[in-house]
Amino acid sequence: MRSKLPDAASSRKMAASSAVVAILASIWLCSSIAADASGSSSETTMHTNNWAVLVCTSRFWFNYRHMANTLSLYRTVKRLGIPDERIILMLADDMACNSRNKYPAQVFNNENHWLNLYGDNVEVDYRGYEVTVENFLRVLTGRHESAVPRSKRLLSDEGSHILLYMTGHGGDEFLKFQDSEELQSHDLADAVKQMKEKHRFKELLIMVDTCQAATLFNQLHSPGVLAIASSMKGENSYSHHLDSDVGVSVVDRFTFYTLAFFERLNMYDNASLSRLFNSYDPNLLMSNAYYRTDLYQRNLQEVPVTNFFGSVMETVHTDSAYRAFPQKNTPRETRIRTGNTAEDDSRRSILTDMTKAECPFTRIVSSLESKMETVGNLDSLVNYGLVMILPVLVVSVWLST
Amino acid sequence: MPTANTEEENSKSELQKNHGGGGGFTRWAVVAVIFRLALIYFPGNLNLSSRPEVSTPLTSIRRLAEGYWLKQSSMSPYAGSMYHGSPLLLSVLGPLTVKSLVFVLADLISSILIRATGRKLQIAYRKSLKSLNLLNKSTDSGALSSGDIAALVYLWNPFTIVACVGLSTSPVENLFTILTLYGAATGLAPLAAFGWVMATHLSLYPAILIIPVILLLGYGPDAPPSKLFRSKEHGKVGDGKSSQEIIFSWRRVFHLLVWTSLWSVYVLVLCSISVKQHGSLQEMFQRTYGFILTVEDLSPNIGVLWYFFAEVFDFFRDFFLIVFHSNILFMILPLAIRLKHRPCFLAFVYIAISSMLKSYPSVGDSALYLGLLGLFLDELADMQFSFFLFCGYVGVSLLSPVMHNLWIWRGTGNANFYYATAMAYACFQIVLVVESVSSMLNHDRKLTKLSTSKLQK
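Order-wise, the sequence lines are chains A and B.
Going left to right, the first sequence walks through residues 0 to 400 as numbering that gives the first Met the number 0 numbers them.
Going left to right, the second sequence walks through residues 0 to 456 as numbering that gives the first Met the number 0 numbers them.
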């Protein structure tokens, strides 16, 4: 009797423990597979489009410079090639037509007034009181109500590079939205994590120009994210200069030097991100620009700034509607210029090597096919075959009479 | 022996009588070609190639141009589900800028072939009547023989003209079907095999014509039922007259099968070379035959399938596809049993049924069987309701575009208006088929009665 009970109990214990071990092992396996998949997915997808989300989080007349920051960056990003369809611009938009604006419907970022940022062709997607933390997070994660129009949605996919620029007033791990709400660093990290899970970006560059901006990135963990901030914890970000005519400061230092870097570029320059990051001088900025690259796998010297700040698409112009491509042209030649071409080519050649069959039948078929390719144009062969039908028919009819 | 000579002389003199009619045919044929050319080069835009009665997803010239452009852009011509025809047609018709003349030529050749088939049928008809001693002067036709009349009906049918000027590919499909019948009627197995293979390759439905083609090659052209000849044999025992026994010629059928397989292998090899670069043969079959059989495109046409399949639930879709296609298939065997002594007429009935019940019918298909109807004028002279059918066809062909305009362009009608004319058209076609079959059978019964009464004399 005594021997039986421990046996039953011990067997039950063993079964329970083995079940627990099996469950843990499967969980570990699944997570490793998932990590593998998510880790390698950003390398295997191709970069296809660029998006920009430009957010100005302040309102009121004395925050003129924040709107000027955002509009300057909007203008730069458009000049370098991203179209309005792929820019989400969130502004309080109460500067240009403010009753205190001496230059109505004009916004400047320089005391020389040589450029009107609010000229024609500015498309604001979220204006005024629509710029809230909730809308910002909805834009990032794509979780909108069904009535929201497409122009207000971030319709990115797994091949998108997204530039996220935010400016305004901020502090230790928070950003102030329109003087009434806060966006915290874990809200931002959570939204970025959701975006990564939903494959809404291939690479993300977050650029923040506020006081103590670097603290906003403390909670970020998603791979493929690059972050640059205008100041570190405990430092303020300062405005660049005061326009005595308009009466307020018109631009912030970090954005001013960023724009200075980009004004020298055009769409086809391949200046790298490391050059951009190294161009910030702490003495001129009066703060330490901080950039976080531990989540980003690629070498910054190889990444052109147009990967995020512009959009370079190669188009092939044809004159005739029906002779678009010569027959020998492969789709590879008309691809968008990406940074990954060398890796893609090597990966492709590895795959073709692996699929070479050993069976003699397929070898015969493949040799026939290669011979047919050396014949030249297959179409002429088909035409020849069609023309041959007629004499064969005549001969056969003559033979059968 | 002397009787055989006089028979030949009689048939030759009859043919010479018809040569006067031959001049008439040539004149009318030339005028028909000129009329088509005048319509094609008409300065205004007739817009016929966009009408649903003329161009279906299978026969539209715009889809062919799109498929050709896709092929030239190094893509499979079936990408994007526009083109659903044969890749060989792309190689022939794609690069041509004078496409319209190809269709006029196809119509002309079809009419010449119909005329030749009609002559063969008429010679065979006279021979069989003569052997039954039923031939008399009153059975002579007028200035034009039935073959001429059929060819002219085919050329001058407004349906054919519209299909030709509207640049649909149905004149080419009709040409191959008529070539099949001509080859079978004249006993040329390679020609019949070629026509059958090409017609089936271009549109799936002429596949059922293999049965009348086998019967034509085996038994010869249309003749009264064989029992008449056998009873005549019994009646004339000891008279020394040669019997008209009709023996099934297996040799010709064997030739036909051999040539069919040869031509189909040739066509398949050409197609596979043509689609090899950017597609596969399986994709070709899926997009041509699969498209025809699964009725993917439900845009309105003069048939009866589109409205039905727009309403049917997905769960029952496959079932009703099988029902509609077997609607054609289950009529094959009974008709073949009943009309095996008249294989050309059997072919006409098959073509009429498949033109009515196919997935994407157009007026080009109706033009084919209306032309072939003329071949049997001698036998179908007593057809009932012929005037009613003629008025019905004219009425439906006038009313159907009006209803289409009301539905689509003005918005004052709806799909039921248009579908009502489609159903009326189907009804008239059914009445035509039924009446023609019954009058053909009545004709046979009349012949039987006459020949037995002559035997008893």
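Where is the CB? At the ideal position from N, CA and C, for every residue including glycine.
This one's a predicted model, so the numbers in the text were calculated from it and none came from an experiment.
In chain order, L294 place their CB closer than 6 Å to the CB of P222 (chain A), counting only its own chain and leaving out the 5 sequence neighbours on each side.
Minimum Cα-Cα distance from R252 (chain A) among the listed residues A:T317, A:L264, A:N287 corresponds to A:N287. Taking 7 Å as the cut-off, the Cβ atoms of L203 (chain B) and Y288 (chain B) count as close. Under the 7 Å criterion on CB atoms, P76 (chain B) is classed as non-interfacial with respect to chain A.
The beta carbon of S369 (chain A) sits no closer than 7 Å to any beta carbon of chain B. Within the DSSP bridge table, the entry for Q183 (chain A) names A:F173 as partners. For N217 (chain A), no beta strand (DSSP E) encloses it, and the DSSP letter there is neither H nor E. Of all residues in the region 248–267 of chain B, only H254, W258, Y265 come within less than 8 Å of chain A when Cβ atoms are compared, listed by chain position.
For the region 180–193 of chain B, the residues whose beta carbon sits under 7 Å from a beta carbon of chain A are, in order, L187, A188, P189, L190, F193. Taken atom to atom, the span from the alpha-carbon of L398 (chain A) to that of I388 (chain A) is near 15 Å.
Residue contact check for S365 (chain A) against chain B: no CB pair falls below 7 Å.
With a beta-carbon spacing of about 12 Å, S229 (chain A) and V250 (chain A) fall beyond the 8 Å limit used to define contacts.
Shown here for D186 (chain A): same chain residues with a beta carbon closer than 8 Å to its own, the five before and five after excluded, namely V132, L136 in chain order. In the displayed model, M81 (chain B) falls within coil according to three-state DSSP, outside both helix and strand. In its chain, beyond the 5 residues on either side, P86, L87, L89, S90 have a beta carbon closer than 8 Å to the beta carbon of S273 (chain B). The beta carbons of G117 (chain B) and L297 (chain B) sit no closer together than 7 Å. Under DSSP, the beta-bridge partners assigned to V52 (chain A) are A:I87, A:L163. Bounds of the alpha helix (DSSP H) holding M422 (chain B) are 414–455.
Inclusion of D147 (chain B) and F24 (chain B) in the CB contact set at 7 Å is warranted, their separation being smaller than that value.
When the Cα atoms are used, F284 (chain B) and R114 (chain B) turn out to be separated by approximately 34 Å. Contact between S399 (chain B) and Y424 (chain B) is confirmed by a C-beta separation of about 7 Å, below the 8 Å threshold.
By the neighbour-count criterion, in which a residue is buried when 16 or more other Cβ atoms sit within 10 angstroms of its Cβ, K70 (chain B) is buried. Note that the region 292–306 of chain B touches the region 349–360 of chain B; at least 3 beta-carbon pairs, one per stretch, sit closer than 8 Å. In the structure shown, L264 (chain A) adopts coil according to DSSP, grouped into three states.
When the five nearest sequence neighbours on each side are left out, the beta carbons in the same chain lying within less than 7 Å of the beta carbon of H200 (chain B) are those of S85, V266, in order along the chain. Residue range 209–218 is occupied by the alpha helix (DSSP H) that includes I209 (chain B). Close to chain A, meaning a Cβ-Cβ distance shorter than 9 Å, are the following residues of the region 270–295 of chain B: C270, I272, S273, K275, Q276. By the criterion of at least three beta-carbon pairs nearer than 8 Å, the region 340–350 of chain B is in contact with the region 364–372 of chain B. Within chain A, the C-beta atoms nearer than 8 Å to that of V91 (chain B) come from L385, in chain order. According to the DSSP secondary-structure assignment, D208 (chain A) is paired through a beta bridge with A:T166. The beta carbon of R126 (chain A) sits closer than 6 Å to those of D92, all from its chain and outside the five residues before and after it, given in chain order.
Annotation: S99 (chain B) to A198 (chain B) spans about 20 Å, alpha carbon to alpha carbon.
Residue pairing of S59 (chain B) in beta bridges, as defined by DSSP: absent, with no partner found.
Judged by DSSP secondary structure, L380 (chain A) falls within the alpha helix (DSSP H) whose first and last residues are 377–399.
S184 (chain A) and L90 (chain A) have their alpha carbons spaced roughly 21 Å apart. For H65 (chain A), the enclosing alpha helix (DSSP H) covers residues 63–78.
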